[in-house]
């Protein structure tokens, strides 16, 4: 049975979150804060994508930087070199990343155990090295410049404020789609694979197909996030796409709450803002960051959403002592 | 290609292969004991290499043998600490959770390296420096021969350790069947801590051997991927397989990158890895793994 209370609550959190994001630009003054807001929303889209394969299906994907990098470069190169329009280039980016996700996913996800973790680490590192070394095609260390901003019905999103609202609309749309997928039979099947892969196969589900499908969803979302990032910065360079970058997205999902779309968005916002606040720590900042993640995994594996759920349940229990066991379990964990 | 070049390539491939074997063994022991892949293994190697090159060798001017022993001791303690922090509190959790915490540890370590030893690569002479032995027109780096000899001695000692000593037998028992081992009165918790210590000490040896042959920087962490590839090639969880896979990979890498481009060395390893997963996921020596959870 589905836990209706949890589902409405997650929709509520998501709505509140997007309302806050919509009014946020009028609350912040500096253009730098707006920049961080844009980054938060783009990261949010990437983390919602990661949620399909890691949160819902339980497969450790540590190469999101590879997906984002290929997505960003596909857009950058097809707009600047081939002179395509942003939206056409976005389609090319999605197709390219999807192809790579199938090429990587099919051989790796066919196997059980944890091959995906290391294969995706390798994939991320190799993507960076290819972007860096294949200078004739990718521009090497200099990256790609002058990536255009998108335009829609004659309106060009040149100012960061306009671009922010475009990002927000896309993020709302993609969150809605992700929520639909999560509640469809596919979403339930993904979770079943996460919880017990063997049992899934016993009842006749093709776990490999499901894992590859979740990986593909992740690829599509990453392509969009990567492309939006490239167009936002109007510049891409290979040194961004490191393992630490992939790790930051996994962290956002863990901190927000695995398996939850609002959790993904919330984690992305919290950690993107935190990362900017911690910049002054320089080299120490990734140390502090990684240590924090270890502590979160150990002490609060459900992340912020898990914590909120526990809080709501505790208050609810005080009001009505009998609560279904099912509702208690909602919130999951790593 | 001249025969002399072939021999030279073979020796240097064999030396690199020995390093990969050591890393691969580190993965294998932890995998066999607790069923996780330690994603920080490559960063352990980097820490050990820095510890040897920057601290013990260049700064304190210790000789090779005392420095090697010191690094191994530090790494063994470090391994036990790792077990306490990232594995022990998560015993009830899913393996992917533990793996994630090992990844976080790896990220933490690679940044600590830069904080402790600076962002610039460190070079160290090692016991032989760049000395070369000549046999006719074949010239071989002495350090490469040294790596091979040390690894062979180590593998022999390891074999004795697992066959003859009580703690070695206990470690094997825990790897084979943890519950049964517990029922037989074995302190599983302690044994797992020892396994982590041993795996880290192996990474320590790999780091010390690697340091004089390369510039020591955080990029050395990529041996983590090579070590994993060695495990897959040999058959995951298979001790002989890990050793064999490492050597095979070392040789393959040297030859392929001398024929093609050395720029895409890591990419070549990755392609080999994908090929194995597609065609022979159980590795050269392993049994079929695709079906078992």
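Chains as they are written, first to last, in the numbering used here: chain H, 0 to 333; chain Y, 2 to 294. C-beta atoms are modelled at their ideal positions from N, C-alpha and C, and glycine is treated no differently.
* Checking contacts by CB at 9 Å: is residue 116/H closer than that to chain Y? -> Within the first chain, the letter at position 117 stands for residue 116/H. Yes, contact with chain Y.
* Please state if the CB of residue 210/Y and the CB of residue 147/Y are separated by a distance shorter than 9 Å. => Taking the second chain and counting its residues from 1, the one referred to as residue 147/Y is at position 146. Taking the second chain and counting its residues from 1, the one referred to as residue 210/Y is at position 209. The Cβ atoms of residue 147/Y and residue 210/Y lie closer than 9 Å to each other.
* At 8 Å on the CB atoms, spell out the chain H contacts of residue 100/Y, in chain order. => Position 99 of the second chain, counting from 1, holds the residue named residue 100/Y. The answer, in chain order, is 59, 113, 116.
* Enumerated in chain order, which unbroken segments of the beta strand (DSSP E) with a length of 3 residues or greater are wholly contained in the segment 216-260 of chain H? -> Look at the segment 216-260 of chain H and you find no whole run of beta strand (DSSP E) that is 3 residues long or longer.
* Residues near residue 225/Y by beta carbon distance below 6 Å, same chain, minus five either side -> Here residue 225/Y refers to the residue found at position 224 of the second chain. Result list for residue 225/Y: 42, 43, in chain order.
* To do: Determine, using beta carbons only, whether residue 339/H and residue 38/Y come nearer to each other than 9 Å.
  => A query on residue 339/H cannot be resolved here, the shown segment of chain H reaching from 0 to 333 and no further.
* Given residue 172/Y, which residues of its chain have a CB within under 8 Å of its CB, disregarding the five upstream and five downstream residues? -> Walking along the second chain from the start, residue 172/Y turns up at place 171. Only 30, 34, 163, 192, 195, 196, 199 meet the Cβ criterion.
* Within chain H, partners of residue 268/Y - CB distance below 8 Å -> In the second chain, counting from the first residue as 1, residue 268/Y sits at position 267. Those within 8 Å of residue 268/Y in chain H are 125, 128, 129.
* Asked: Which whole runs of the alpha helix (DSSP H) in the segment 176-248 of chain Y are 4 residues long or more, in chain order?
  -> Those alpha helix (DSSP H) runs which fall completely within the segment 176-248 of chain Y and span 4+ residues are 179-184, 189-211, 224-235.
* Asked: Quick one: what does DSSP say residue 156/H is sitting in, helix, strand or coil?
  -> Residue 156/H sits at position 157 when you count from the first residue of the first chain. Shown here, residue 156/H sits in coil according to DSSP, grouped into three states, outside any helix or strand.
* To do: For residue 32/Y, count neighbouring Cβ atoms within 10 angstroms of its own Cβ and tell me buried if that reaches 16, exposed if not.
  => Residue mapping note: residue 32/Y aligns to position 31 of the second chain, counting from 1. Its Cβ being crowded by 16 or more others within 10 Å, residue 32/Y is buried.
* Taking contact to mean at least 3 C-beta pairs separated by less than 8 Å, is the segment 86-96 of chain Y in contact with the segment 244-260 of chain Y? -> They do not touch, by the three-pair rule.
* What do you get for residue 67/Y, buried or exposed, if any count of 16 or more other CB atoms within 10 angstroms of its CB means buried? -> The count along the second chain starts at 1 and reaches residue 67/Y at position 66. Residue 67/Y is classed as exposed because its beta carbon has fewer than 16 other beta carbons within 10 Å across all chains shown.
* Interfacial residues, the segment 105-116 of chain Y to chain H, with Cβ spacing under 9 Å -> The residues in question are 105, 106, 107, 108, 109, 110, 111, 112, 113, 115, 116.
* Pull up the distance between the alpha-carbon of residue 121/Y and that of residue 274/H, whole angstroms please. => The residue you call residue 121/Y lines up with position 120 of the second chain. The residue you call residue 274/H lines up with position 275 of the first chain. So the alpha carbons of these two residues sit roughly 25 Å apart.
* Asked: Smallest Cα separation from residue 9/H: which of 316/H, 311/H, 49/H?
  -> Translated into positions along the first chain, residue 9/H becomes position 10. Closest option to residue 9/H, Cα to Cα, is 311/H.
* Option nearest residue 125/Y by Cα separation, candidates 204/Y, 60/Y, 167/Y -> Here residue 125/Y corresponds to residue number 124 of the second chain, with the count starting at 1. Checking every option, the nearest Cα to that of residue 125/Y belongs to 60/Y.
* Compare the C-beta of residue 258/Y with all C-beta atoms of chain H and state if any pair is closer than 9 Å. => Taking the second chain and counting its residues from 1, one reaches residue 258/Y at position 257. The C-beta of residue 258/Y comes no closer than 9 Å to any C-beta of chain H.
* By how many angstroms is the C-alpha of residue 159/Y removed from the C-alpha of residue 239/Y? -> Residue mapping note: residue 239/Y aligns to position 238 of the second chain, counting from 1. Residue mapping note: residue 159/Y aligns to position 158 of the second chain, counting from 1. About 14 Å.
* Asked: According to the neighbour-count rule (16 or more other Cβ atoms, all chains shown, within 10 Å of its Cβ), is residue 137/Y buried or exposed?
  -> Translated into the one-based positions of the second chain, residue 137/Y becomes position 136. By the 10 Å Cβ count, residue 137/Y comes out exposed.
* To do: Show which residues of chain H have a CB atom less than 8 Å away from the CB atom of residue 223/Y.
  => Counting from 1 along the second chain, the entry for residue 223/Y is found at position 222. The answer, in chain order, is 124.
* Segment contact, 8 Å Cβ cut-off, at least three pairs: the segment 246-258 of chain H with the segment 53-61 of chain H -> Yes, the segment 246-258 of chain H touches the segment 53-61 of chain H.
* Using a Cβ cut-off of 9 Å (strictly closer), state whether residue 246/H contacts chain Y. => Position 247 of the first chain, counted from the start, is the residue given in the question as residue 246/H. Yes, residue 246/H counts as interfacial toward chain Y.
* **At least three beta-carbon pairs within less than 8 Å, the segment 269-285 of chain H to the segment 76-85 of chain H** => Segments in contact, no.
* **Minimum Cβ-Cβ distance from residue 275/Y to chain H less than 9 Å** => By 1-based counting over the second chain, the position of residue 275/Y is 274. Yes, residue 275/Y lies at the interface with chain H (some Cβ there is under 9 Å from its Cβ).
* When the Cα atoms are used, what is the spatial distance from residue 159/H to residue 234/Y? -> Position 160 of the first chain, counted from the start, is the residue given in the question as residue 159/H. Position 233 of the second chain, counted from the start, is the residue given in the question as residue 234/Y. Rounded to the nearest angstrom, the two C-alpha atoms are 50 Å apart.
* C-alpha distance - residue 177/H paired with residue 106/Y, whole-angstrom precision -> Residue 177/H sits at position 178 when you count from the first residue of the first chain. Residue 106/Y sits at position 105 when you count from the first residue of the second chain. So the two alpha carbons sit approximately 31 Å from each other.
* To do: Spell out whether any CB of chain H is found under 9 Å from the CB atom of residue 253/Y.
  => For the purposes of this step, residue 253/Y is taken as residue 252 along the second chain, with counting starting at 1. In terms of beta-carbon proximity, residue 253/Y stays away from the interface with chain H, with every pair separated by 9 Å or more.
* 6 Å Cβ shell around residue 123/Y - same chain, five flanking residues per side excluded -> Here residue 123/Y refers to the residue found at position 122 when the second chain is read from its first residue. Correct list, in chain order: 54, 55, 217.
* Smallest Cα separation from residue 193/H: which of 33/H, 111/H, 35/H? -> Walking along the first chain from the start, residue 193/H turns up at place 194. Minimum Cα distance to residue 193/H is reached at 111/H.
* Under a Cβ-count criterion, where at least 16 other Cβ atoms within 10 Å of its own Cβ denotes burial, should residue 260/Y be classed as buried or exposed? -> For the purposes of this step, residue 260/Y is taken as the residue at position 259 of the second chain. It counts as exposed.
* When the Cα atoms are used, what is the spatial distance from residue 400/H to residue 45/Y? -> Residue numbering for chain H in the displayed model covers 0 to 333; residue 400/H lies beyond these limits and cannot be assessed.
* Using 8 Å as the Cβ pair cut-off and three pairs as the minimum, do the segment 17-33 of chain H and the segment 207-217 of chain H touch? -> Segment contact: the segment 17-33 of chain H against the segment 207-217 of chain H, fewer than three CB-CB distances shorter than 8 Å; contact not assigned.
* Runs of alpha helix (DSSP H) wholly within the segment 250-290 of chain Y (minimum 4 residues, chain order) -> The qualifying runs are 266-280.
* Can you tell me the Cα-Cα spacing of residue 17/Y and residue 231/Y, whole angstroms? -> The residue labelled residue 17/Y in the question sits at position 16 within the second chain. The residue labelled residue 231/Y in the question sits at position 230 within the second chain. C-alpha separation (whole angstroms): 12 Å.
* To do: Measure from the alpha carbon of residue 65/Y to the alpha carbon of each residue in 119/Y, 128/Y, 84/Y, then state which is nearest.
  => Your numbering for residue 65/Y matches position 64 in the second chain. Taking residue 65/Y as reference, the option from 119/Y, 128/Y, 84/Y with the minimal CA-CA separation is 128/Y.
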